[in-house]
Amino acid sequence: MSIFVPGWDTFPAKLWEFYSEYQLNTLTTLRADGRPHVVPVGVTLDPEQQCAWIITRDGSRKVRNVEAAQHGADVALCQVDGPRWSTLEGRARVHRDVESRDRAIELYAARYRRQPTPDERRIAIRIEVDRILHGAMLDG
Numbered sequence: 020m021s022i023f024v025p026g027w028d029t030f031p032a033k034l035w036e037f038y039s040e041y042q043l044n045t046l047t048t049l050r051a052d053g054r055p056h057v058v059p060v061g062v063t064l065d066p067e068q069q070c071a072w073i074i075t076r077d078g079s080r081k082v083r084n085v086e087a088a089q090h091g092a093d094v095a096l097c098q099v100d101g102p103r104w105s106t107l108e109g110r111a112r113v114h115r116d117v118e119s120r121d122r123a124i125e126l127y128a129a130r131y132r133r134q135p136t137p138d139e140r141r142i143a144i145r146i147e148v149d150r151i152l153h154g155a156m157l158d159g
């Protein structure tokens, strides 16, 4: 296992490649009682804003879990494809503004090669990634 603290200008090429593939991730947040809540999500990396984005529906359990943390919620995002795996760790915050939502949708559409279904309750979760773990298959 390798641990990488992101310097977005030195992000390993194999990780960029891995996070540009059509892969789903899991998002782990914590419920109020401390138990983990794990759900599948689409994740996009944003080198321009140096963060990761998730689009979701307002009021979902993941949104409520993130908002319950006063200064952002510690979260983990995991992507697995056979022996290749990576976990992004960081602090998440909910964004309801149009600019953030549209940025998250734009990146989602590029990675997953489709526009998400229109939804008036769509919002974005922004993750400030502070640590990346990955298996040996993604070294280099």
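Going by our numbering, the sequence shown opens with residue 20, and the numbers climb by one from there.
For each residue, glycine too, the CB sits at the ideal point set by N, CA and C.
Minimum C-alpha distance to residue i - residue among the options
i, options, result
"glutamate 40", "Leu46, Met20, Pro55 and Thr63", "Thr63"
"alanine 123", "Pro66, Ala95 and Asn84", "Pro66"
"leucine 157", "Thr45, Trp27 and Pro31", "Pro31"
"threonine 48", "Gly154, Glu118, Arg83 and Gly61", "Arg83"
"leucine 107", "Leu34, Thr29 and Asp116", "Leu34"
"glutamine 68", "Pro135, Thr136 and Ser119", "Ser119"
Cβ-Cβ separation, residue j to residue i (assumed contact under 8 angstroms), whole Å
i, j, result
"serine 79", "isoleucine 151", "About 25 angstroms; that fails the 8 angstroms criterion."
Neighbourhood of residue i by C-beta, 7 angstroms cutoff - its chain only, sequence neighbours within 5 removed
i, result
"glutamine 42", "Gln98 and Asp100"
"alanine 51", "Ala87"
"glutamate 147", "Cys70, Gly109 and Arg110"
The ligand COA heavy atom lying under 8 angstroms from the CB of residue i
i, result
"aspartate 149", "Summarising the ligand content, the structure contains no ligands, and the ligand COA is consequently not present."
Contacting residues, own chain, Cβ-Cβ under 8 angstroms from residue i (five flanking each side not counted)
i, result
"histidine 56", "Thr47, Thr48, Leu49, Arg50, Arg80, Lys81 and Asn84"
"threonine 75", "Val60, Lys81, Val82, Arg141, Ile142, Ala143 and Ile144"
"methionine 20", "Leu152, His153, Gly154 and Ala155"
"aspartate 138", "Arg76"
"tryptophan 27", "Pro66 and Gln69"
Residues of its chain near residue i, where Cβ-Cβ distance is below 6 angstroms and the 5 sequence neighbours each way are ignored
i, result
"aspartate 77", "Arg140 and Ile142"
"isoleucine 149", "The residue asked about is misnamed: residue 149 is aspartate in this sequence, not isoleucine. Closer than 6 angstroms at Cβ, skipping near neighbours: Gly109."
(message) With three or more beta-carbon pairs closer than 8 angstroms as the criterion, would you say the stretch 125-142 touches the stretch 89-106?
(response) no
(request) Determine contact between the stretch 74-88 and the stretch 107-124, defined as no fewer than three beta-carbon pairs at a distance below 8 angstroms. (result) yes
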